[in-house]
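This report refers to the structure that appears directly beneath it.
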Amino acid sequence: MIFSRFLLVALAAVGVVAHSASPHKRGMVKVPLNPMNLGIREYSASPYQSAVAKLKDYQEQTSDAIAGPPSEREAKLVSITAGLLEVVKAYNSDFKSKFSLLDLSNIAKSGEMSDFGRKLYVILRSCKGTRSEGLYNNIHEIGAEVDAMGDFMASKLPSTLAAMVLPAFARYSDKIDMIEMATKAY
Numbered sequence: 012m013i014f015s016r017f018l019l020v021a022l023a024a025v026g027v028v029a030h031s032a033s034p035h036k037r038g039m040v041k042v043p044l045n046p047m048n049l050g051i052r053e054y055s056a057s058p059y060q061s062a063v064a065k066l067k068d069y070q071e072q073t074s075d076a077i078a079g080p081p082s083e084r085e086a087k088l089v090s091i092t093a094g095l096l097e098v099v100k101a102y103n104s105d106f107k108s109k110f111s112l113l114d115l116s117n118i119a120k121s122g123e124m125s126d127f128g129r130k131l132y133v134i135l136r137s138c139k140g141t142r143s144e145g146l147y148n149n150i151h152e153i154g155a156e157v158d159a160m161g162d163f164m165a166s167k168l169p170s171t172l173a174a175m176v177l178p179a180f181a182r183y184s185d186k187i188d189m190i191e192m193a194t195k196a197y
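In my numbering, the protein residues as written are 12 to 197.
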């Protein structure tokens, strides 16, 4: 205890002496930087994180569209589902390009795919009461992307793992098909 106090006092004394030795230098020392020699890397979020961030943004927009005037609802929902379609396509293409069985176990443990699907379903479910040809087409395309991902997983996964994963994809695809039919114009 006495030793640690002595050490603290000694460090404080060294700091005071060092600071008083050069009073004209206050604050931090400026070091000239050459940007060419620095290996500065910019942070970029993973495709999953950026897709979920976009989904959260679209979920807020969907809430605003549903709460807003009915006359503007259809146009807003069509533009939101068009954006969702692009997010789903980007997520699927990135998933397919980086697919490996080892990575799949990490994705399954973290729940990335199920979390993405759940957020997407909540947004699409909000579109159920609005009947529009544009909305129907966008949701149909999203359903086609989900089916394509299920087909991809069926072709790449071993049969035992596919028997566990594919029924969940089929149920999810059926839910999206029901939403699609609920938005079909008369």
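Just so it is clear, CB atoms sit at the ideal spot from N, CA and C, and this is done for glycine as well.
Select from the options the residue whose C-alpha is nearest the C-alpha of residue i.
i	options	result
residue 142	190, 178, 153, 98	190
residue 63	164, 94, 194, 83	94
residue 97	78, 61, 77, 183	61
residue 71	82, 58, 88, 81	88
residue 167	90, 65, 111	111
residue 90	165, 197, 144, 164	144
residue 125	105, 179, 83, 164	179
residue 67	148, 127, 172	127
residue 148	196, 176, 172	196
What is the C-beta distance between residue i and residue j, in whole angstroms, given that I count them as a contact (C-beta under 8 Å)?
i	j	result
residue 138	residue 150	7 Å
residue 73	residue 146	At roughly 12 Å, the Cβ-Cβ gap does not stay under 8 Å, so residue 73 and residue 146 are not in contact.
Cβ atoms of residue j and residue i: under 8 Å apart, would you say?
i	j	result
residue 161	residue 193	no
residue 132	residue 186	yes
residue 123	residue 69	no
Which value, in whole angstroms, describes the spacing of the CA atoms of residue i and residue j?
i	j	result
residue 174	residue 183	15 Å
residue 158	residue 77	28 Å
residue 109	residue 57	12 Å
residue 163	residue 136	25 Å
residue 130	residue 104	18 Å
residue 155	residue 80	30 Å
residue 140	residue 65	23 Å
residue 170	residue 107	18 Å
residue 177	residue 165	7 Å
residue 134	residue 75	12 Å
residue 85	residue 172	41 Å
residue 100	residue 82	29 Å
If you measure from the beta carbon of residue i to each beta carbon in chain C, is any gap under 8 Å?
i	result
residue 148	Absent here is chain C; the protein component of the structure consists of one chain.
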